[in-house]
Amino acid sequence: MENNKNRSIFPCALSSEYEIELSDKSRRDEIVDMLIENFLHDETLVKSMRDMYGVEKHEGDKSSLEVRTTDCEEEEEEEEWSKVDKDERILMETVVDAGTVLTAVHKPTNRISGAIVVLVHDRNLVGKNSDDRYDGKLRSRTISEFANLMGIIDKSLDLFAVHPECRIWAEFELVGIRRADRRRGLGFDLCAAALNHVIKTMPEVDLVAGKYTSNYSKIIARKIGKINVADFDVTRLADRDGRPVFQDTKPHNVVSLMTIKLR
């Protein structure tokens, strides 16, 4: 259980059963597990990559794995699945360890019901902030291709190019809500609390931004005051073999860079 001392707490707008807390990461593994199951496994682009390479993980355990290939490739498929499983954990551990994390906590049970990760980017440290942060760690084709494509999207939606006057910005890297706790406004609550935290504790930050894929996430971004400054259609991309990717993602095929200036 996290230490309550000096912990920032934000109320939730729609339900008194939840509160938003600034995490000290003593529950890091629980946060990572929640994000793997409720962010990665639901994220449009990740799902598309798993489907493209024939590995689709559903709710539950490994017995629910679907593989759409021939019997003679079973061993290779199982190896890829195992690598995907490990790589997903590397993805979420790397992001959680690098950023500031706020969690939505269900007060009656103390379960972590959602989380948002905030990363700070400094123009003077370009190339050291997030570029190649997974380099050499990822072993599965599915997740390594995904990470490579996300790097291409990040470079195409370069905030420092869109806002040349900006020196430091805070990125809402990801937001994940446990399925059982959805439709309670926690996505908005987490984003609003994260914005409040940045404003109050990070005076060096010039603006807050995020890259949004789903229409729902874009609506939440607009509700906290963000505006759309650049778009990227992911169906333009191809994997390392030249095969088109993300062709099944419409209408969520446009990643939008959305920002709010603080000063």
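Sequential numbering of the sequence shown, starting at 4, is according to this note's numbering.
For every residue, glycine included, the Cβ atom is placed at its ideal position computed from N, Cα and C.
If you're wondering where the values come from, they're calculated on a predicted model, not measured in any experiment.
Looking at the structure shown, is residue i part of a helix, part of a strand, or coil, going by DSSP?
| i | result |
| --- | --- |
| K8 | For K8, the predicted structure reports a pLDDT of 45, less than 50, and the residue's modelled location is therefore unreliable. The matter cannot be settled from this model. |
| S51 | helix |
| V108 | strand |
| I23 | strand |
| M205 | coil |
| R114 | strand |
| G179 | strand |
Using 7 Å as the threshold, is the C-beta distance between residue i and residue j below it?
| i | j | result |
| --- | --- | --- |
| I227 | L198 | yes |
| R142 | K86 | yes |
| G117 | I39 | no |
| R53 | T145 | yes |
| Y21 | H109 | yes |
| I202 | A107 | no |
| V121 | G102 | yes |
In whole angstroms, give me the CA-to-CA distance for residue i and residue j.
| i | j | result |
| --- | --- | --- |
| G188 | C15 | 8 Å |
| T252 | Y137 | 25 Å |
| V35 | E96 | 6 Å |
| E81 | R182 | 27 Å |
| V258 | I12 | 31 Å |
| F235 | A150 | 16 Å |
| A256 | H200 | Before going further, note that residue 256 is Asn rather than Ala in the sequence given. Approximately 30 Å, taken between the alpha carbons. |
| L160 | A233 | 7 Å |
| Y277 | G190 | Nothing can be reported for residue 277, as the shown portion of the chain is limited to 4 through 266. |
| L240 | N41 | 25 Å |
| T47 | D125 | 29 Å |
Round the Cβ separation of residue i and residue j to the nearest angstrom and send it over; I've been treating them as touching at under 8 Å.
| i | j | result |
| --- | --- | --- |
| L105 | S26 | 6 Å |
| K221 | T262 | So it is not a contact: roughly 13 Å between Cβ atoms. |
| V178 | M55 | That pair is no contact at about 25 Å. |
| A173 | M153 | About 19 Å; that fails the 8 Å criterion. |
| R30 | I119 | About 15 Å separates the two Cβ atoms, so there is no contact after all. |
| A195 | G213 | About 13 Å separates the two Cβ atoms, so there is no contact after all. |
| V123 | V208 | 7 Å |
Figure out for me which residue from the options has the closest Cα to the Cα of residue i.
| i | options | result |
| --- | --- | --- |
| E176 | V211, R30, T112, R53 | V211 |
| R92 | Y21, E33, S116, T238 | E33 |
| Y215 | T112, I156, M37, A118 | I156 |
| K28 | F42, E40, V98, E22 | V98 |
| V237 | E207, R31, K158 | K158 |
| N127 | E168, P111, R114 | E168 |
| K89 | A195, T47, S147, R186 | S147 |
| E83 | G57, G102, K264, F42 | G57 |
| L43 | S18, L94, S19 | L94 |
| K264 | D244, R239, R243, N231 | N231 |
| S217 | S18, A164, L260 | L260 |
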